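Everything below concerns the one structure shown next.
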Amino acid sequence: MNINQNYLNLEESYLFSTINKKIAAFANANPEVDIIRLGIGDVTLPLPGSVIKSFHEAVDEMAHSRTFHGYGPEQGYGFLRKAITSYYAQREIGVEESEIFVSDGSKCDVANILDIFGQDNLVLLPNPVYPVYLDTNKMIGRDVAFIHANRENGFLPQPDKNRQADLIYLCSPNNPTGAAYTKEELRKWVEYANCQDAVILFDAAYESFVSDPNMPRSIYEITGARTCAIEFNSFSKMAGFTGTRLGYTVIPQQLVRQGTSLHKLWMRRQTTKFNGVSYMTQRAGAAVFTREGQKEIQENLDYYRENAKIIASKLDQLGIWYTGGKHSPYIWMETPAQMDSWDFFDFLLEKTGIVGTPGIGFGDNGQGFFRLTAFGDRSKTSQAMDRLDRAWREFII
Ligand code: PLP
Numbered sequence: 005m006n007i008n009q010n011y012l013n014l015e016e017s018y019l020f021s022t023i024n025k026k027i028a029a030f031a032n033a034n035p036e037v038d039i040i041r042l043g044i045g046d047v048t049l050p051l052p053g054s055v056i057k058s059f060h061e062a063v064d065e066m067a068h069s070r071t072f073h074g075y076g077p078e079q080g081y082g083f084l085r086k087a088i089t090s091y092y093a094q095r096e097i098g099v100e101e102s103e104i105f106v107s108d109g110s111k112c113d114v115a116n117i118l119d120i121f122g123q124d125n126l127v128l129l130p131n132p133v134y135p136v137y138l139d140t141n142k143m144i145g146r147d148v149a150f151i152h153a154n155r156e157n158g159f160l161p162q163p164d165k166n167r168q169a170d171l172i173y174l175c176s177p178n179n180p181t182g183a184a185y186t187k188e189e190l191r192k193w194v195e196y197a198n199c200q201d202a203v204i205l206f207d208a209a210y211e212s213f214v215s216d217p218n219m220p221r222s223i224y225e226i227t228g229a230r231t232c233a234i235e236f237n238s239f240s241k242m243a244g245f246t247g248t249r250l251g252y253t254v255i256p257q258q259l260v261r262q263g264t265s266l267h268k269l270w271m272r273r274q275t276t277k278f279n280g281v282s283y284m285t286q287r288a289g290a291a292v293f294t295r296e297g298q299k300e301i302q303e304n305l306d307y308y309r310e311n312a313k314i315i316a317s318k319l320d321q322l323g324i325w326y327t328g329g330k331h332s333p334y335i336w337m338e339t340p341a342q343m344d345s346w347d348f349f350d351f352l353l354e355k356t357g358i359v360g361t362p363g364i365g366f367g368d369n370g371q372g373f374f375r376l377t378a379f380g381d382r383s384k385t386s387q388a389m390d391r392l393d394r395a396w397r398e399f400i401i
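Take 5 as the starting number for the sequence shown in this note's numbering and just add one per residue.
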């Protein structure tokens, strides 16, 4: 019996456990301080009314033999794939129903997609990065190369034509940096990928936070992307489905490598290893794309956007360099006085009772940066910024 030795080479993720330990110790020593958590990457607003109504109706359907649903199609029900197609069509993006694979969230899809690629691929990952991309490659024993995201390139690295690549991970708007590519910048990546015969794995989990119509929300807004890109999207941040679980992956029919359709390979993979998402969840998901559902999710997104604005305006006032906050729920700020990420975590907790996420937890290039999120409560977010203002003026300026 042999275990997968690659798992032993994974670095332990101490990030969130260390954060929790530090918070517990601080709370113990300072019971009077109201700790404000701006580190969370989870939504806090409940599911919209129209989603809940659809959920209830679908549960009732399961109670009668006439309307009961057993195994569904592995690729997802037609009604949901049709609704997703219309969501793209509203933005004049042509995605066919047959190109959509409904899933239980994009974390699984960005991890599982590696099943259809060979071992010898050269993988490019941005640094800092959403840790799932890195660890899933390590789990299959694959080394990756990093593309550096830093203050100089605004945490939006560009392709280097002299560098080879087979698989390229892009996430825009980005977690953790909140930075979002323009169409022109994405066009360069698409050109590069087509030129290299590479495949872009485009994570669009935060596309719904983009409010500027000139900014891309899908890689397929870029000419040429259908021959080089797979897109992942999630209902988690768009509609509050983090605990409900729903996402989808798009693989265009034209995406062919070594004479083989990647769509066909993924279909084979999914029909073998996946049995679909529950009927109720898919009904709930379809409600997101109704007129009422769209209105409701926009209200929730506006709530988070306003939180992001409150944080970003305070950083502007204090002259702090940051990315994100505009098309994203994440604000990625530079720490003051060249403090390292963990020193700043301690400083902020001790002086203000605010909790954020040290940038170093997302890769070396995150050293000296810090992630704040807009998913919290409005009044707590405002209160946190008042505390930050006072601490900054007292200790930093
Ligand atoms: N991709 C990115 C960049 C994320 O930040 C997250 C969640 O935080 C996911 C994917 C996972 O989304 P899901 O909840 O659909 O699995």
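Each residue gets a CB set at the ideal place from its N, CA and C atoms; glycine is no exception.
For clarity, every value in this text was computed on a predicted model and none was experimentally measured.
Subject >> Limits of the unbroken alpha helix (DSSP H) element including L392 >> reply: R382 to A395 is the span of the alpha helix (DSSP H), which, as asked, contains L392.
**OP:** Could you tell me whether the Cβ atoms of A288 and F59 are closer together than 8 angstroms?
**Re:** A contact, by the Cβ cut-off of 8 angstroms.
Original post:
Is it the case that the CB of A312 approaches a heavy atom of the ligand PLP more closely than 7 angstroms?
Top reply: Taking 7 angstroms as the cut-off, the C-beta of A312 does not count as close to any heavy atom of the ligand PLP.
**OP:** Could you check the C-alpha separation between G360 and S282 for me, to the nearest Å?
**Re:** Going from the Cα of G360 to the Cα of S282 covers about 35 angstroms.
Subject >> Neighbourhood of D342 by C-beta distance below 7 angstroms, restricted to the same chain and skipping five residues each side >> reply: Residue 342 is actually Gln in this sequence, not Asp. The answer, listed in chain order, is G372.
Subject >> S107 - containing beta strand (DSSP E), residue span >> reply: The continuous beta strand (DSSP E) containing S107 extends over residues I104 to S107.
**OP:** Return the CA-CA distance between R249 and F239, expressed in angstroms with no decimal places.
**Re:** One alpha carbon belongs to R249, the other to F239, and they sit about 7 angstroms apart.
Original post:
Going by beta carbon distance, what residues of the same chain come within less than 7 angstroms of T419, once the five residues before and after it are set aside?
Top reply: Outside the shown range of the chain (5 to 401) lies residue 419, about which nothing can therefore be said.
Subject >> Three-state secondary structure assigned by DSSP to D113 >> reply: Residue state, collapsed to three classes: helix.
Original post:
Which residue from N116, T89 and L129 puts its Cα closest to that of F366?
Top reply: Comparing Cα-Cα distances from F366 to each of N116, T89 and L129, the minimum goes to L129.
Original post:
Nearest to F72 by CA position, among I223, Q298 and D64, is which residue?
Top reply: Per the Cα distances, D64.
Original post:
Are there three or more Cβ pairs, one per stretch, closer than 8 angstroms when the stretch 318-327 is compared with the stretch 8-17?
Top reply: At 8 angstroms Cβ cutoff, the stretches do not touch.
**OP:** Going by CA-CA distance only, name the one from K57, E225, V254 and V292 that's closest to E100.
**Re:** For the residues K57, E225, V254 and V292, the minimum Cα distance to E100 belongs to V254.
Original post:
Residue range of the alpha helix (DSSP H) that V63 falls in?
Top reply: Note, V63: alpha helix (DSSP H), G53 to E65.
Original post:
Quick one: Cα of F349 to Cα of W336, how far?
Top reply: Computed Cα separation, rounded: 13 angstroms.
Subject >> Distance between beta carbons of Y134 and N179, contact taken as under 8 angstroms >> reply: The beta-carbon distance between N179 and Y134, rounded to whole angstroms, is 5 angstroms. This is short enough to meet the 8 angstroms contact definition.
Original post:
Hey, how far is the Cα of L259 from the Cα of S17?
Top reply: Taking the straight line joining both Cα atoms gives about 35 angstroms.
**OP:** For chain D, find out if any of its Cβ atoms is closer than 8 angstroms to the Cβ of F150; answer yes or no.
**Re:** Structure shown: chain D not included; a single protein chain is present.
Original post:
Is it true that the CB of Q200 sits closer than 8 angstroms to the CB of Q162?
Top reply: No. Outside cutoff.
Original post:
Roughly how many angstroms separate the alpha carbons of T190 and I226, rounded to a whole number?
Top reply: The amino acid occupying residue 190 in the given sequence is Leu; Thr does not appear at that position. If you take the alpha carbons of L190 and I226, they lie about 7 angstroms apart.
Subject >> Cβ-based burial, A183 [other Cβ within 10 Å; buried from 16] >> reply: Per the 10 Å Cβ criterion, buried.
Original post:
Taking 7 angstroms as the cut-off, does the CB of Y134 come closer than this to any heavy atom belonging to the ligand PLP?
Top reply: Look at Y134: its beta carbon is less than 7 angstroms from one of the heavy atoms in the ligand PLP.
Subject >> Cutoff 7 angstroms; reference D139; Cβ partners in own chain excluding five residues on either side >> reply: Excluding sequence neighbours, D139 sits near L14.
Subject >> S215: CB within 7 angstroms of a non-hydrogen atom of the ligand PLP >> reply: Not so, every heavy atom of the ligand PLP lies at least 7 angstroms from the Cβ.
Subject >> Contact test: V281 Cβ vs the ligand PLP heavy atom, cutoff 7 angstroms >> reply: In terms of side-chain proximity, the C-beta atom of V281 is found no nearer than 7 angstroms to any non-hydrogen atom of the ligand PLP.
Original post:
Would DSSP call W270 helix, strand or coil?
Top reply: DSSP, read as helix, strand or coil, puts W270 in helix.
Original post:
DSSP beta-bridge partners for S238?
Top reply: Answer is G251, bridged to S238.
Original post:
In terms of residue numbering, what span does the beta strand (DSSP E) encompassing V148 cover?
Top reply: Under the DSSP assignment, V148 falls in the beta strand (DSSP E) whose first and last residues are V148 to H152.
**OP:** Reducing DSSP to helix, strand and coil, say where P333 ends up.
**Re:** Coil.
Original post:
Taking 7 angstroms as the line, does the beta carbon of T253 fall inside it for any heavy atom of the ligand PLP?
Top reply: No, the beta carbon of T253 sits no closer than 7 angstroms to any heavy atom of the ligand PLP.
Subject >> Where R191 sits in the DSSP three-state scheme >> reply: Helix.
Subject >> Enclosing alpha helix (DSSP H) for I315 [first to last residue] >> reply: For I315, the enclosing alpha helix (DSSP H) begins and ends at R295 to L322.
Subject >> Backbone CA spacing between F206 and T181 [nearest angstrom] >> reply: Approximately 16 angstroms between the Cα atoms of the pair.
**OP:** Keeping to the same chain, check which residues put their C-beta closer than 7 angstroms to that of L269; ignore five residues upstream and five downstream.
**Re:** Cβ neighbours of L269 beyond the five flanking positions: I120.
Original post:
Is it the case that the Cβ atoms of A395 and T339 are separated by a distance below 8 angstroms?
Top reply: Using a Cβ distance threshold of 8 angstroms, A395 and T339 do not count as a contacting pair.
**OP:** Kindly indicate which residue of L12, V37, G43 and P35 has the alpha-carbon position closest to the one of L19.
**Re:** Proximity to L19 across L12, V37, G43 and P35 peaks at G43, based on C-alpha coordinates.
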